[in-house]
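Chemist: Quick note: the sequence shown uses the numbering used here, first residue 37, plus one each step.
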Amino acid sequence: MIPLIPAQAVNTAAQRTITEAAPQLDWWLLAPLLTVFAAGVLAVLVEAFLPQGRRRGPQIGLAVLALLTTFVLLVLQVGSVGEEGTTVAAGALAVDRTVLFFQGTITILALVSLVLITERGSGRDAFAAQAATVPGSEEERAHIMAGSQHTEVYPLVLFAVLGMLMFPASNDFLTMFVALEVMSLPLYLMCGLARRRRLFSQEAAVKYFLLGAFASAFFLFGIAMVYGYAGSVNFAAVREAVEAGGAPIFADGGNGEPLLLMGVGLVAIGLLFKVGAVPFHNWKPDVYQGAPTPITALMASCTLVAAFGALLRVFFVPFGGSADVWEPMLWTVAVLTMVVAAVVAVTQRDIKRLLAYSSVVHAGFILTAVVAGSTDGLAGAMFYLGAYGFTTLGAFAVITLVRTKDGAQELNEIDRWAGLGRRHPALAGALALFLLAFAGIPLTSGFIGKFAVFEAALAAGAAPLVIVGVLSSAVTAFFYVRIIVVMFFRDPEHEAPTVVRAGVLTGGVITLGVAATLVLGVFPGLVLDHLVPSQDSGPEPTAVMVSQVTADSGGE
37 MIPLIPAQAV
47 NTAAQRTITE
57 AAPQLDWWLL
67 APLLTVFAAG
77 VLAVLVEAFL
87 PQGRRRGPQI
97 GLAVLALLTT
107 FVLLVLQVGS
117 VGEEGTTVAA
127 GALAVDRTVL
137 FFQGTITILA
147 LVSLVLITER
157 GSGRDAFAAQ
167 AATVPGSEEE
177 RAHIMAGSQH
187 TEVYPLVLFA
197 VLGMLMFPAS
207 NDFLTMFVAL
217 EVMSLPLYLM
227 CGLARRRRLF
237 SQEAAVKYFL
247 LGAFASAFFL
257 FGIAMVYGYA
267 GSVNFAAVRE
277 AVEAGGAPIF
287 ADGGNGEPLL
297 LMGVGLVAIG
307 LLFKVGAVPF
317 HNWKPDVYQG
327 APTPITALMA
337 SCTLVAAFGA
347 LLRVFFVPFG
357 GSADVWEPML
367 WTVAVLTMVV
377 AAVVAVTQRD
387 IKRLLAYSSV
397 VHAGFILTAV
407 VAGSTDGLAG
417 AMFYLGAYGF
427 TTLGAFAVIT
437 LVRTKDGAQE
447 LNEIDRWAGL
457 GRRHPALAGA
467 LALFLLAFAG
477 IPLTSGFIGK
487 FAVFEAALAA
497 GAAPLVIVGV
507 LSSAVTAFFY
517 VRIIVVMFFR
527 DPEHEAPTVV
537 RAGVLTGGVI
547 TLGVAATLVL
557 GVFPGLVLDH
567 LVPSQDSGPE
577 PTAVMVSQVT
587 ADSGGE
């Protein structure tokens, strides 16, 4: 039987006046996100209405124009956003200079990755002609003979970039979860689009999807726990609740500490999975190896920046008042990440798997800056992420050019790269520079990045972490130098590797990577001086990140 609502209650509800106005949106501050979103929607319409043979040009032009416009808008916003920052969309998104740096870095790296994707867009190196066809089937051969091109990759890239831009800018946990899914779902699809070794590529996509779904579930459960503890998912409100010992419901003597502990741990699992920290790193080697190399480059650069941007915001803003809860956990994860990944990387014989473990080690180095919990640590992490992004894009651009004898597919076995330095010294020299930067050799951007994060950790009293980091760097230097020795000082046992002629786009990516690695290594002040906040900002990272302690985050 349906219960009847009393007439008095109905009349009272009818007479109640709604006093809360709809939130006012600052369209100027939302313009970068809206630009990428609109371009993604238009790209979907291009797929729907243009003939298949005429899609590629408009898709490339639309994606490049959208990313360039987004970067220009972000640069213009730097002058209009003060050091204290602001919030938009009813407090769902934060806009401060830290966010703008992450978003600008993501946009530039995504544009460079798009160049590699575009170069791979046609010919034998193209993505799968039709993703739904069975690998090796007559239907797939028919699509290849007909010149079918899988241009859906361009809207997928745009939507992935949209999620990446939202991820570090999120100002509440629900917005961050939405950004996480918007970023991840296109990446799951793009991992399975390789034309060569299709089954391997699809296997990598399935692994990434399944493990990513589990990580997202942990993240969502963590949000529920945090909400139970704080009574809100807004970062500022969570910060206030943490400093007050919990939501008002616990004021009468209840203990909400278990909820906070579980919430911090589960949220950390979701974020540490995206950065690839041990023990949540197992997806990286398989996915990096199986995905098309341009997509691997996109993930290795842009996704890492977005994930660490979100991780830094979460641990410095809402959880900034509970460092005693999460610092021991991050200490343990950082040590495991640096040690385990460095040791396992020594045994790798595939260049893409080796770079996957290298990415895991670098995640451990950056975690030392998170543990530092200072503005210097924040600045060091930001510099490290930007420098690493350009270097890793250059390295993967080189990998796309080294092929088997017939030039049909990439040659990723390290031992078969013997003699590359003699036959193609410029290409091998560029890769050697990138590897030396990964190892942290002076006069490269990698050295400055490691020095910045280790110095911040040392100043914060994390000397054991720095010692582990230095020892791990020595181990990683071994396998980086091993590749250089194979290329320059070893004769090929079988056939010498074939190098396809670099197109203008791929050559430009390699040149940009070399230039960024050297310029940031020799003149780091060009970037680093602008990342270190003024003395007036205070010693805490929240002083340069918006919504640190105030619950009034309605913004505009």
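Backbone N, C-alpha and C fix where the C-beta goes; we use that ideal spot for every residue, glycine too.
Keep in mind that this is a model prediction, so the values were computed, not measured.
Taking 7 angstroms as the threshold (C-beta atoms), are Thr-480 and Leu-472 in contact?
Modeler: yes
Chemist: Below 6 angstroms CB to CB, which residues in the same chain sit around Gly-539 once its five sequence neighbours on both sides are set aside?
Modeler: Close CB contacts of Gly-539 within its chain, under the 6 angstroms cut and outside five residues either way in sequence, are with Glu-155 (chain order).
Chemist: Below 8 angstroms, can you find three or more Cβ-Cβ pairs linking the region 229-248 to the region 196-213?
Modeler: Segments in contact, no.
Chemist: Is the number of C-beta pairs between the region 530-549 and the region 453-467 that are closer than 8 angstroms three or more?
Modeler: The region 530-549 vs the region 453-467: in contact.
Chemist: Which residue comes first and which comes last in the alpha helix (DSSP H) that contains Leu-152?
Modeler: 133-155
Chemist: Assuming Thr-71 and Thr-105 are in contact, meaning their beta carbons sit under 8 angstroms apart, how far apart are those beta carbons, in whole angstroms?
Modeler: 5 angstroms
Chemist: Could you check whether the region 500-514 touches the region 428-437, counting it as contact only if at least three pairs of C-beta atoms, one from each stretch, sit closer than 8 angstroms?
Modeler: no
Chemist: Excluding the 5 residues preceding and the 5 following Thr-440 in the sequence, name in chain order all residues of the same chain whose CB lies nearer than 7 angstroms to its CB.
Modeler: Leu-447, Thr-534
Chemist: According to DSSP, simplified to helix, strand and coil, what is Glu-449?
Modeler: strand
Chemist: Report the residue ranges of all beta strand (DSSP E) runs contained in full by the region 197-241; include only those spanning at least 3 residues, in chain order.
Modeler: none
Chemist: If I follow the unbroken alpha helix (DSSP H) through Val-380, where does it start and stop?
Modeler: 359-381
Chemist: Closer than 7 angstroms by C-beta to Pro-500: which residues in its own chain qualify, once you throw out the five before and the five after it? Chain order, please.
Modeler: none
Chemist: Buried or exposed: where does Pro-328 fall if 16 or more other Cβ atoms within 10 Å of its Cβ makes it buried?
Modeler: It is buried - the Cβ of Pro-328 has at least 16 other Cβ atoms within 10 Å.
Chemist: With DSSP as the reference, identify every bridge partner of Ala-130, one or two as the case may be.
Modeler: Thr-123
Chemist: Should Phe-593 and Gly-326 be called a contact, given that it needs their Cβ atoms to be closer than 7 angstroms?
Modeler: There is simply no residue 593 to check, as the chain begins at 37 and stops at 592 in what is shown.
Chemist: Please name the residue or residues paired with Val-438 in a DSSP beta bridge.
Modeler: Val-535
Chemist: Roughly how many angstroms lie between the CA atoms of Pro-42 and Val-189, to the nearest whole one?
Modeler: Only weak support exists for where Pro-42 lies, its pLDDT of 44 falling under 50; the value from the coordinates is given anyway. Rounded to the nearest angstrom, the two C-alpha atoms are 57 angstroms apart.
Chemist: Report the three-state DSSP secondary structure of Asp-386 (helix, strand or coil).
Modeler: It is a strand residue.
Chemist: In the region 308-348, which residue ranges form an unbroken alpha helix (DSSP H) of at least 4 residues, counting only runs that do not cross its ends?
Modeler: 319-326, 329-334
Chemist: Label Trp-362 either buried or exposed according to how many other C-beta atoms from any shown protein chain fall within 10 Å of its C-beta, with 16 as the threshold for buried.
Modeler: buried
Chemist: Applying the 10 Å Cβ sphere with the 16-neighbour rule, what's the burial state of Ala-75?
Modeler: Answer is buried; the Cβ neighbour count reaches 16.
Chemist: Do you know whose CA, among Pro-321, Leu-347, His-460, lies nearest Leu-391's CA?
Modeler: Nearest option by C-alpha distance: Pro-321.
Chemist: Determine contact between the region 141-155 and the region 91-111, defined as no fewer than three beta-carbon pairs at a distance below 8 angstroms.
Modeler: yes
Chemist: Where Ala-551 and Val-218 are concerned, what is the direct C-alpha to C-alpha distance, given to the nearest angstrom?
Modeler: Taking the straight line from one Cα to the other gives about 32 angstroms.
Chemist: So, does the region 326-346 touch the region 294-301, judging by three or more C-beta pairs under 8 angstroms?
Modeler: no
Chemist: Could you check how far apart the C-beta atoms of Glu-293 and Gly-357 are, in whole angstroms? I think they sit under 8 angstroms.
Modeler: Actually they do not touch by this definition, with Cβ atoms about 13 angstroms apart.
Chemist: According to the neighbour-count rule (16 or more other Cβ atoms, all chains shown, within 10 Å of its Cβ), is Arg-90 buried or exposed?
Modeler: By the C-beta density criterion, Arg-90 is exposed, having fewer than 16 other C-beta atoms within 10 angstroms.
Chemist: Buried or exposed: Ala-510, going by 16 or more other Cβ atoms within 10 Å of its Cβ?
Modeler: exposed
Chemist: Within a Cβ cutoff of 7 angstroms, which residues of the same chain sit near Tyr-596, ignoring the five residues on either side of it in sequence?
Modeler: Residue 596 is absent from the model: the chain starts at 37 and stops at 592.
Chemist: Would you mind stating whether Ala-475 and Thr-512 have Cβ atoms separated by less than 7 angstroms?
Modeler: A contact, by the Cβ cut-off of 7 angstroms.
Chemist: Using the Cβ count rule (16 or more neighbours within 10 Å means buried), how would you classify Gly-118?
Modeler: exposed
Chemist: Can the beta-carbon of Ala-313 be found less than 7 angstroms from the beta-carbon of Gly-413?
Modeler: no
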